[in-house]
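Enquirer: What follows is a single structure, and I will ask about it in a moment.
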Amino acid sequence: MRFKLKTNDKVVLCKELNVSLYKDLLKSTYGDEVDLPGFLDTIYDILVSLTGEPISFFQELSVVELLSCILQLRINTFGDRTKINLTKEEAKTSLELRIDWIIEDLNVIDKSIISKTIENENFDIHLEPPTTQRLIEKTDEDYLYFVGGVTIGDKLISIKTNTDAKLFVDKLPAKIALDIVKHFECVVKELQNFSFLDRYGIVEQNFTFVPSAESVLWFTKLVFNEPLDVFYDNLFYLAYLGHLQNSYIESCTPGEYMYFVRKLEAIQAQQRQSDETPNNSQVIGGREEAINDF
Amino acid sequence: MSESPNKEFYDLLNSVSVTETSDITLSDGKAYKFRQLTTNNLKDLIKSVVDSPLTQSIFNSTVARIMKESYAGESFGYEFSVIDRLLFVLGTRVASISPTIVLTKEDKTTVTVNIQDVITKLVSTLGTNSQAFANGSLSYNTISITYGVPTIAVESQLNDEIYKNAELDVQTPEQLRKLLGETFINEIAKSVNNVVVGDRSLDLSTVTFKSRLKTIETLPAYLISSVIQYIEQYKKLIEDNLVIEEGLSLPIDGSLFSLR
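Chains D and G supply the protein sequences, listed in that same order. The first sequence begins at 10 in our numbering and counts up one residue at a time. The second sequence begins at 16 in our numbering and counts up one residue at a time.
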């Protein structure tokens with residue numbers, strides 16, 4: 010089955026995620042010190058494999074669009090909701106987070122907060138969310154990430170690296186550069202105040218987006234949150250007790266994998282009730298979705 | 016820094032280069048054309064905030080370089096004086112950033128200063144007190160000197176020869192005394208243009224700053240004290256124009272270009 014993966018300029022057909030790629034995704038986000046370029050390369054590879062688009066297509070997507078693609082993939086893999094825990098004065102409440110709403114909000118962030126054209130007499134400067142490739146290229150001045158291109162007459166010239174952005178901005182009249190810096194400061198302030206929890210009427214906690222590679226990783230961990238050890242345990246028990254071939258499981262979708270896990274779980278529970286033999290009491294780790302705390 | 020192979024991109028850089036000029040009136044009352052500051056110029060000026068408060072050599076050198084780079088007239092002969100440099104600093108701040116600056120007082124309250132008003136007052140002071148800024152001459156026995164407001168060229172010479180390699184980080188009172196003494200004599204040396212002894216004349220612009228200092232140190236105390244009086248007088252006139260209110264003056268350093 011395929012679904013439509015929407016970016017700002019293009020809609021591409023995308024195959025469903027399979028367990029093999031799902032495993033790659035979980036591995037790429039595993040641990041506290043994730044290698045960001047490695048994580049992003051895995052995301053590009055997965056999306057290339059599912060869409061057939063060239064890798065440059067995903068490398069050149071803005072950080073907002075790439076995150077939107079990951080969230081769309083999540084919706085078409087496990088559904089459009091995920092549970093999170095909100096902590097207030099040591100009391101935890103559970104919230105079912107709508108991922109489709111996050112995508113809508115990201116679109117607002119892209120179009121209404123970050124993107125802007127600074128018009129000048131001879132040329133227009135386009136400020137836009139940076140690509141993830143730009144974000145992992147370090148720069149001393151963060152506003153340079155957002156300098157995306159310039160229109161002179163009817164010709165658009167893209168600025169694809171922070172080095173080129175620096176060369177360009179250094180040549181600009183100081184007044185125009187100050188406009189860029191002021192816009193960047195506004196973006197930072199507005200993003201700090203833009204909480205995805207506002208839609209739920211929750212104002213005590215903040216759930217915000219920062220245009221960074223770290224933020225893409227954080228959101229990916231939020232929506233693909235099955236612990237890696239549970240995933241491997243499940244693969245093992247599906248092969249050991251369910252007699253499913255590993256190669257077959259890996260070709261299934263994560264939804265199918267979850268179905269087999271739950272089925273095996275149910276059978277195991279039935280067997281435990283009817284059979285008191287201790288040797289048959291192995292329990293597989295069902296994919297109880299890990300819940301993220303806020 | 017690696018160079019982009021993209022020709023289109025370099026064409027873009029050329030097309031956005033600053034071409035817009037503004038007129039800045041200098042100490043002779045004439046308007047000179049200067050290009051607006053680029054972002055790079057602005058960064059250099061802001062970086063010069065970290066400077067010796069006594070010599071301001073980094074800020075002065077940076078401004079002199081930018082003044083030369085952004086001058087849109089036919090030639091730049093480094094004949095401008097340090098007062099021209101001050102007028103350029105204020106004028107380019109107005110033309111390239113904004114005509115106002117917000118200063119914070121000791122009690123943390125703020126004052127918005129219109130820099131254009133300061134320029135107007137300054138130009139008026141230069142006109143009404145032209146004698147105080149004019150070159151002069153003095154004689155004592157067989158020695159004569161001429162003096163005037165230092166030129167940027169002399170100051171650049173001082174910065175390049177003396178301050179560039181000097182230890183300006185003062186750690187002890189002794190070091191402070193030494194630095195103050197040297198700065199004081201340097202200020203005097205900058206202002207003396209010519210020394211005549213008998214029928215022999217020495218144009219100090221033709222010698223190194225070290226030679227200039229040696230020459231100054233041999234001058235009679237009467238001549239030196241007269242030059243000091245001249246310097247104190249014209250500097251006071253300038254500084255009075257920079258006072259916004261009691262205890263608050265417009266800073267003439269990198270912070271004038273700071274965004275905050």
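Beta carbons: idealized from backbone N, C-alpha and C, even for Gly. Treat the numbers as computed from the prediction; the structure is a model and nothing was measured.
(1) Does the distance from the CB of L75(D) to the CB of V225(D) come in under 8 Å?
(2) Thinking just about the alpha-carbon of each residue, which of K229(G), I98(G), E247(G) and E232(G) is nearest to the one in G142(G)?
(3) Strictly below 7 Å CB to CB, what residues from chain D border T53(G)?
(4) How is T16(D) classed by DSSP in three states: helix, strand or coil?
(5) Since N150(G) meets chain D, which of its residues come closer than 7 Å, beta carbon to beta carbon?
(6) Rounded to whole angstroms, what's the CA-CA distance from L118(G) to V128(G)? Just pull it up for me.
(7) What residues from chain G crowd round V159(D), counting only those whose CB sits closer than 8 Å?
(8) Start and end of the alpha helix (DSSP H) containing R208(D)?
(9) Quick one: does F132(D) have its CB under 8 Å from some CB of chain G?
(10) Where does N94(D) land, buried or exposed, given buried means 16+ other C-beta within 10 angstroms?
(11) Go ahead and label M82(G) buried or exposed: buried means 16 or more other beta carbons lie within 10 angstroms of its beta carbon, across all protein chains shown.
(12) Comparing alpha-carbon positions, which option in D218(G), I130(G), F199(G) and A87(G) lies nearest S37(G)?
(13) Report all residues from its chain with a CB closer than 8 Å to the CB of E297(D); omit the five preceding and five following residues, and keep chain order.
(14) Distance, Cα to Cα, K184(D) vs I112(G)?
(15) Taking any Cβ of chain D, which residues in the stretch 83-103 of chain G have a Cβ under 8 Å from it, in chain order?
(16) Spatial neighbours of R208(D) within its chain, please: C-beta separation below 8 Å, excluding the five flanking residues on both sides.
(17) Kindly indicate if chain D contains any beta-carbon less than 8 Å away from that of S111(G).
(18) In this structure, does DSSP put V292(D) in helix, strand or coil?
(19) Roughly how many angstroms separate the alpha carbons of I243(G) and L57(G), rounded to a whole number?
(20) List, in chain order, every chain D residue whose beta-carbon is nearer than 9 Å to that of Y57(G).
(21) Our contact map puts P139(D) next to V72(D) with C-beta atoms below 8 Å; I'd like the distance itself, whole angstroms only.
(22) Give a yes or no on whether the minimum CB-CB distance between I127(D) and chain G is below 8 Å.
(23) Could you tell me the alpha carbon to alpha carbon distance between D173(D) and F155(D), rounded to whole angstroms?
(24) Does I166(D) get closer than 8 Å to chain G when you measure Cβ to Cβ?
(25) Over what stretch of residues does the alpha helix (DSSP H) that includes L28(G) continue unbroken?
(26) Among T161(G), R50(G) and E176(G), which residue has its Cα nearest to the Cα of S76(G)?
(27) Just checking my contact of E25(D) with T262(D) at CB under 8 Å: how many whole Å lie between their CB atoms?
(28) What residue does the alpha helix (DSSP H) around D122(G) start on, and which one ends it?
(29) For L176(D), would you say it is in contact with chain G, using Cβ-to-Cβ distances shorter than 8 Å as the test?
(30) Which residues in chain D have a C-beta closer than 9 Å to the C-beta of E176(G)? List them in chain order.
(31) Compare the beta carbon distance of L28(G) and K169(D) with 8 Å and say whether it is the shorter of the two.
(32) Buried or exposed for E235(D), going by 16 or more other Cβ atoms inside 10 Å?
(33) Inspect the CB distances between the stretch 237-256 of chain G and the stretch 103-112 of chain G and report whether three or more fall short of 8 Å.
(34) Which residue's Cα is closest to the Cα of F49(G): E89(G), A204(G), N150(G) and K193(G)?
(35) DSSP state of D41(D), grouped into three classes?
(36) For a test of the three-state rule: what should DSSP assign to P263(D), helix, strand or coil?
Expert: Taking the structure as given:
(1) Locating residue 75(D) in the first sequence gives position 66, counting from the first residue. Locating residue 225(D) in the first sequence gives position 216, counting from the first residue. Yes. Within cutoff.
(2) In the second sequence, counting from the first residue as 1, residue 142(G) sits at position 127. In terms of CA proximity to G142(G), I98(G) leads the group K229(G), I98(G), E247(G) and E232(G).
(3) Counting from 1 along the second sequence, the entry for residue 53(G) is found at position 38. D179, K180, L181, P182 and A183, listed in chain order.
(4) Here residue 16(D) refers to the residue found at position 7 when the first sequence is read from its first residue. Looking at T16(D) - three-state DSSP - the assignment turns out to be coil, as it is neither helix nor strand.
(5) For the purposes of this step, residue 150(G) is taken as the residue at position 135 of the second sequence. What N150(G) touches in chain D: nothing, since even the nearest Cβ is about 35 Å away.
(6) Your numbering for residue 118(G) matches position 103 in the second sequence. Your numbering for residue 128(G) matches position 113 in the second sequence. Taking the straight line from one Cα to the other gives about 7 Å.
(7) As a first step, residue 159(D) must be located in the first sequence, where it is residue number 150. Annotation: Cβ neighbours of V159(D) in chain G (cutoff 8 Å, chain order): L27 and V31.
(8) For the purposes of this step, residue 208(D) is taken as the residue at position 199 of the first sequence. Looking at the DSSP string, R208(D) is not in any alpha helix (DSSP H), and its letter there is neither H nor E.
(9) Position 123 of the first sequence, counted from the first residue, corresponds to residue 132(D). Yes, contact with chain G.
(10) As a first step, residue 94(D) is located in the first sequence; it is residue number 85 there, counting from the start. Exposed, since its Cβ has fewer than 16 Cβ neighbours within 10 Å.
(11) The sequence position of residue 82(G) within the second sequence is 67, counting from 1. So M82(G) ends up on the buried side.
(12) Along the second sequence, read from residue 1 onward, the residue named residue 37(G) stands at position 22. Among D218(G), I130(G), F199(G) and A87(G), the Cα nearest to that of S37(G) belongs to A87(G).
(13) Here residue 297(D) corresponds to residue number 288 of the first sequence, with the count starting at 1. Only weak support is given to the placement of E297(D): the predicted model assigns it a pLDDT of 46, under 50, and the question is left unresolved by the model.
(14) Start at 1 with the first residue of the first sequence, and residue 184(D) comes out as number 175. Start at 1 with the first residue of the second sequence, and residue 112(G) comes out as number 97. Distance between the alpha carbons of K184(D) and I112(G): 5 Å.
(15) none
(16) Looking up residue 208(D) in the first sequence gives position 199. Around R208(D): R107, W110 and D114.
(17) Sequence index remark: in the second sequence, residue 111(G) carries index 96 (1-based). By this cut-off, S111(G) is an interface position.
(18) One-based indexing of the first sequence puts residue 292(D) at position 283. Here V292(D) scores only 48 on pLDDT, less than 50, and its place in the model is too uncertain to base an answer on.
(19) Along the second sequence, read from residue 1 onward, the residue named residue 243(G) stands at position 228. Along the second sequence, read from residue 1 onward, the residue named residue 57(G) stands at position 42. Using only the alpha carbons, I get a separation of about 34 Å.
(20) To locate residue 57(G), count along the second sequence from 1; it is residue 42. According to the sequence shown, residue 57(G) is Leu rather than Tyr. Simply A183, A186 and L187.
(21) As a first step, residue 139(D) must be located in the first sequence, where it is residue number 130. As a first step, residue 72(D) must be located in the first sequence, where it is residue number 63. Contact annotation, P139(D) with V72(D): C-beta distance approximately 6 Å; criterion of less than 8 Å satisfied.
(22) Walking along the first sequence from the start, residue 127(D) turns up at place 118. False, the Cβ-Cβ gap to chain G never drops below 8 Å.
(23) One-based indexing of the first sequence puts residue 173(D) at position 164. One-based indexing of the first sequence puts residue 155(D) at position 146. When rounded, the distance between both Cα atoms is 12 Å.
(24) Stepping through the first sequence from its first residue, residue 166(D) is reached at position 157. With 8 Å as the cut-off, I166(D) counts as an interface residue toward chain G.
(25) Looking up residue 28(G) in the second sequence gives position 13. From DSSP, the alpha helix (DSSP H) with L28(G) extends over K22 to V31.
(26) Within the second sequence, residue 76(G) is the residue found at index 61, counting from 1. The shortest Cα separation from S76(G) among T161(G), R50(G) and E176(G) belongs to E176(G).
(27) Indexing the first sequence from 1 puts residue 25(D) at position 16. Indexing the first sequence from 1 puts residue 262(D) at position 253. About 5 Å separates the two Cβ atoms, so the contact holds.
(28) One-based indexing of the second sequence puts residue 122(G) at position 107. Looking at the DSSP string, D122(G) is not in any alpha helix (DSSP H), and its letter there is neither H nor E.
(29) Within the first sequence, residue 176(D) is the residue found at index 167, counting from 1. Answer yes: the Cβ-Cβ gap between L176(D) and chain G drops below 8 Å somewhere.
(30) Here the question's residue 176(G) lines up with position 161 in the second sequence. Here the premise fails: no neighbours, minimum Cβ distance about 30 Å.
(31) Counted from its first residue, the second sequence places residue 28(G) at position 13. Counted from its first residue, the first sequence places residue 169(D) at position 160. Not in contact: L28(G) and K169(D) (Cβ atoms no closer than 8 Å).
(32) As a first step, residue 235(D) must be located in the first sequence, where it is residue number 226. Per the 10 Å Cβ criterion, buried.
(33) no
(34) One-based indexing of the second sequence puts residue 49(G) at position 34. Across the set E89(G), A204(G), N150(G) and K193(G), the C-alpha of E89(G) shows the shortest separation from the C-alpha of F49(G).
(35) The residue you call residue 41(D) lines up with position 32 of the first sequence. Residue state, collapsed to three classes: coil.
(36) Residue 263(D) sits at position 254 when you count from the first residue of the first sequence. If DSSP states are grouped into helix, strand and coil, P263(D) belongs with the helices.
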